[in-house]
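Engineer: Before we start, here is the structure in question, set down as structure tokens.
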Amino acid sequence: MDKGSDIKHLMNACPGCGEVMDVSNCDPYSKVICPECSTAIRVRADFLHFRIEKKIGEGGLSRVFQAVDQTLNRQVALKVLSPEFSKDSQRALEFEREARITASISHPNVVKVYSAGRDQDHYFMAMELVSGGSLDQLIHSKGKVVEKRALKIGAELVRGLQAAQKVGLIHRDVKPGNILFSDDGVSKIVDFGLARREFGSRSENGEMWATPYYVSPEKLYGVKEDFRSDIYSLGATLFHALVGKPPCSSDTSSIDELKLLKQKKTSLEVNAPNISIATCDLIDRMMDNSPENRHDSYDDLYNDFENAQSQLSQTSVKLIGSSLRVEKFEESNVNKKIRLSLLVILIFIGTLGLFIFNNGKSNTKEISLDNFDEELNFIDINNFKQTVAGRFFSGVEMMVASDYGAAEREFAEIASVADVKQPTLNWSLFNQGLSLLLQGDLERARIVYQRLEERSDNQESSESQGLKRFFRKSSQLLSQRKAISYDQLANYEGKGYESMALLAFGLQNWEHEDFDDAEEYLKSFSLHVTPKNYPWMEDLKFITAPYLKDIELFRQFPTIRENPNSNDVLTALNLSQEIMDLIVFEKIKKVLSERILNYQKLSDKLVAEEAEEAELRLSKLRIEELQKMIELRKDIQNFSRTFRFYRGLNLIELVRFSHPEFIQKRADRLVIWKSSESFIQRIVDDVNKFNYRGPILMNEGSSRILKIISANRDQFTYSFGEAQGKAKVSLEQVSASSLIEISAYFDKKINDREILEERLKERVLFLYLVGKLAQSATLSEEINDKSFQSLWARILEFERNS
């Protein structure tokens, strides 16, 4: 279709009076005033056989309208490329490409494209109308999405993305705004504008178009993307839905800043403790920084969604604690209590049997027992209800349950009973010291271990030589007022029951803030195989988990590079605070608090220094740009006197400023000059539509009554009557006051209040620009628009400072 024929089709008739109007320069579905009856009407509402009913959305490149396909009587979403981009051949090609890509996918979880085309110099595509809102809207209205619905959304989108992958496509911009819902709640993916074929999907120019909150890490490093990048973005989207905030806290488009932010591991488990374990594991795997650790296929991913949904429907939500699942901890306590009860019952029955047997053989009440298990064979015969073994196990349970004070008292009481024999006595002392270490009381623990060392040196002890050496060596080390280094453990195997010392060494080093060796000792203890006749040692392994977790967090604490800037330190501070919120023990919190305090001091110093440097740079820049503004004002001044505002506008658009003050001043100048040019153009249009007759004051002082019958940008044509003919007068010869009167005269032909106020704003800014400040100030008082009043306040300030 040629240009001439296009113009013929850009004519709309007023439905009120039938007046035909040229709407070639109007945007689709825009509102104009009929020149004949002054009715406000919508124009350019038809695109081929589609009739636009209302606008339902707008993005950076296009607008979306609800429309009806008049051939099929079907509601559709009509996506129309914006006018400025329809003229851009590259954008137009990309728009057509998006239509072809989406149309190639046929799946209930992908928004369907029915057709695409071009009409009235605009590209458009007709799509399935999905009226249930978007995930972005749902998050904004609800704050969060419940887990059950989030899993349903995720499973449906997996199938939609899989359908795209089957035709060789990856989406590359999965985010809440691109996920729509049908009226019956079915999730659908939309907007394949950034999609590429899965092969050769590397960005050619390094630009970052995907949304920063959800972009995969590999995209930031220019690594070739595949479907696993979409899996990451879907995981980040569902993270946002479940937590109520995106996983990345910055909306920067800087690739370097994003790389720094994405280095930080984001865990759903930490951010949403009410979410089930299966869902946390699923989302965390989807968001793994390494594509190799994500799901190998969409089928694999879909199976995990089904598993998470199944577990959620079968069980109640499981809470997550700091590194230990609550249910795991409770289950272990139940098992241990059952085991303890059985042991106590067996020992009681065995003791009772021996008692009866001895009474049968002799009248004496003194009991002599042979050893059976080292750790269980010494029984308090004065209390059959509470055996030494029972109290010993009770003390262990108290330690596991973090009731360290009660455990310390229990073991102290066992160690103080005169009839308690070895090795139960020494194990009770050892665990009493352990309970004190768990309380952070180094000095009292040292005293207990000194007592243990003294008892181990007692030659009358009936302990085996191996146990004696163990208690003596470990208590010597634990009696010192310093951390225990590895070189002190020469010839120390740490196997079997000796591994208990590793737990104590780890706790002692922890209190001395030697976290490196503490971690090694605690890990070694937790990994050693527990001897069968020391089952209570296995229970104590649970103690190490929160310590090791805190040490792991301690290692993640950010360090600051040499010669940092304030952003480096601020990033470190933000990450530090997130880590601090996860740490359990005050010991590490205290150490890290000192580091954070130093970081804060450094941050304050750098911010102050950078602010001072920025202020100096800004001051120098202001001086330079003030001179530039003065020169610009001088260059355009003459154009305001001759009403050639478009020429001044061209000069303003060519000049660029960097200082915030002059960026604003330039923006204001653009508004003022554009408005003044629009003022002249409106007069030209009004004269051509309605003609004008009235007094005209010329700039040279004369006044006459003219019948102006037509106009263009530079001159009026007026008539002397049919006999005398026509003449022309230049617009720059006409006084500003007469132009204002002509503009006001035509106001009575307009009923739309918005258009009337716009015309009034143009008159105010025109008067200001031609030097009628007092008159324009008086007229400005009739305008209530806050944005305009702010502009007017800046104009007055500009005049005061000029």
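Count the sequence shown with the working numbering and you get residues 42 to 843, in order.
C-beta: ideal position from N, C-alpha, C; glycine also.
Owing to the predicted nature of the structure, the values given are computational and were not obtained by experimental measurement.
(1) If you follow the alpha helix (DSSP H) that K120 is part of, which residue opens it and which one closes it?
(2) Evaluate the contact criterion for the region 566-578 versus the region 484-498: three or more CB pairs, one atom per stretch, below 8 Å.
(3) Do E259 and P332 have their C-beta atoms closer together than 7 Å?
(4) Taking the continuous beta strand (DSSP E) assigned at M739, which residues delimit it?
(5) Per DSSP, which residues does V228 bridge with? Please list them.
(6) Leaving aside the five residues before and after R492 along the sequence, list all residues of the same chain whose C-beta is less than 7 Å from its C-beta, in chain order.
(7) In the region 551-636, which residue ranges form an unbroken beta strand (DSSP E) of at least 3 residues, counting only runs that do not cross its ends?
(8) Going along the chain, which residues of its own chain have a beta-carbon closer than 8 Å to the beta-carbon of L614, five neighbours each way excluded?
(9) Going straight from the alpha carbon of Q816 to that of L810, what length do you get?
(10) For a quick check, are the C-beta atoms of K748 and T758 less than 7 Å apart?
(11) Quick one: grab the DSSP three-state call for S354.
(12) Please confirm whether V215 and L279 have their CB atoms less than 7 Å apart.
(13) If we ignore side chains and look at the alpha-carbon of each, how far apart do L548 and R487 end up?
(14) Please confirm whether K72 and R83 have their CB atoms less than 7 Å apart.
(15) Does K523 pass the burial test, meaning 16 or more other C-beta atoms within 10 Å, or should it be called exposed?
(16) From I601, R159 and F686, pick the residue whose C-alpha is nearest to that of E773; which is it?
(17) Distance check for I620 and R335, CA to CA, integer angstroms please.
(18) C55: which of Y70, T80 and C67 sits nearest, CA to CA?
(19) Using the beta-carbon count (16 or more within 10 Å), is T600 buried or exposed?
(20) Comparing the CB of Q491 with every heavy atom of the ligand MN, is any distance shorter than 6 Å?
(21) Any idea which residues DSSP pairs R92 with across the strands?
(22) For Y445, collect the residues of the same chain with a Cβ closer than 7 Å to its Cβ; drop the 5 residues on either side in sequence, then sort them by chain order.
(23) Straight-line CA distance for R794 to L616?
(24) Based on DSSP bridge pairs, tell me the residues matched to Y759.
(25) Taking C-alpha atoms, which residue in Y538, Y527, K628 and I525 lies nearest to R510?
(26) If you drop the 5 nearest sequence neighbours on each side, which residues of the same chain put their C-beta closer than 7 Å to that of Q517?
(27) Pull the bridge partners of E62 from the DSSP assignment, please.
(28) Expressed to the nearest angstrom, what Euclidean distance is found between the alpha-carbon atoms of N423 and D460?
(29) Give the secondary structure of F829 by DSSP, where H, G and I count as helix, E and B as strand, and everything else as coil.
(30) Do we get a CB-CB distance below 7 Å when we pair D528 with the residues of chain D?
(31) Might you give, ordered along the chain, the residues of its own chain that have their beta carbon closer than 6 Å to the beta carbon of A559, omitting 5 neighbours on each side?
(32) Give a yes or no on whether the C-beta atoms belonging to S784 and I737 are separated by under 7 Å.
(33) What residues are listed by DSSP as bridge partners for G98?
(34) Excluding sequence positions up to five away, which residues of its chain have a Cβ less than 6 Å from the Cβ of F807?
(35) Can you name the start and end residues of the alpha helix (DSSP H) that K798 belongs to?
(36) Whole angstroms are fine: how far does the CA of E799 sit from the CA of I860?
Structural biologist: Checking against the coordinates, here is how it stands:
(1) From DSSP, K120 is part of no alpha helix (DSSP H) but of the beta strand (DSSP E) over R115 to L122.
(2) Contact between the region 566-578 and the region 484-498 is absent, with fewer than three C-beta pairs closer than 8 Å.
(3) Result yes, Cβ atoms of E259 and P332 sit closer than 7 Å.
(4) Premise fails: M739 is in no beta strand (DSSP E) and is neither H nor E.
(5) At residue 228 the sequence reads Ser, which differs from the Val that was named. Answer by DSSP bridge pairing, in chain order: F222.
(6) Here the set comprises L470.
(7) Counting only runs of 3 or more residues that sit fully inside the region 551-636, no beta strand (DSSP E) segment turns up.
(8) Once the five neighbours on either side are set aside, the close Cβ partners of L614 are I637, Y640, Q641 and S644.
(9) A direct Cα-Cα distance of roughly 11 Å separates Q816 from L810.
(10) Not a contact, by the Cβ cut-off of 7 Å.
(11) In the structure shown, S354 sits in a helix (DSSP, three-state: H, G or I).
(12) V215 places its beta carbon 7 Å or farther from that of L279.
(13) Approximately 12 Å between the Cα atoms of the pair.
(14) Yes, the Cβ-Cβ distance between K72 and R83 is below 7 Å.
(15) Classification of K523: exposed, given that the 10 Å Cβ count is below 16.
(16) Checking every option, the nearest Cα to that of E773 belongs to F686.
(17) Computed Cα separation, rounded: 25 Å.
(18) Checked all of Y70, T80 and C67; the closest Cα to C55 is T80.
(19) The residue in question, T600, is exposed, as its Cβ has fewer than 16 Cβ neighbours within 10 Å.
(20) Although the ligand MN was asked about, the structure shown includes no ligands whatsoever.
(21) Answer is D87 and V109, bridged to R92.
(22) Beyond the five residues adjoining it in sequence on each side, Y445 comes within less than 7 Å, by CB distance, of S476, L479 and Q480 in the same chain, given in chain order.
(23) Approximately 53 Å, taken between the alpha carbons.
(24) Answer is I749 and A768.
(25) Minimum Cα-Cα distance from R510 among the listed residues Y538, Y527, K628 and I525 corresponds to Y538.
(26) These residues qualify, in order along the chain: E494.
(27) Per the sequence shown, residue 62 should be read as Met rather than Glu. Per the DSSP secondary-structure output, M62 pairs in a beta bridge with N53.
(28) For N423, the predicted model reports a pLDDT of 38, less than 50, meaning its position is unreliable; a value from the coordinates is still stated below. Cα to Cα, the separation comes out at about 10 Å.
(29) Reduced to three states, the DSSP call for F829 is helix.
(30) The displayed structure is made up of one protein chain only, and chain D is not part of it.
(31) Correct list, in chain order: G547, N550 and W551.
(32) In this structure, S784 sits away from I737, with a CB-CB distance that is not shorter than 7 Å.
(33) In DSSP, G98 forms a bridge with V105.
(34) So the list reads S717 and F720, once near-sequence residues are dropped.
(35) First, the residue type needs correcting, since residue 798 is Glu and not Lys in the sequence shown. Annotation: the continuous alpha helix (DSSP H) that includes E798 extends over R794 to L810.
(36) Summary: the structure shown does not reach residue 860, with the chain confined to residues 42 through 843, and so no result is reported for it.
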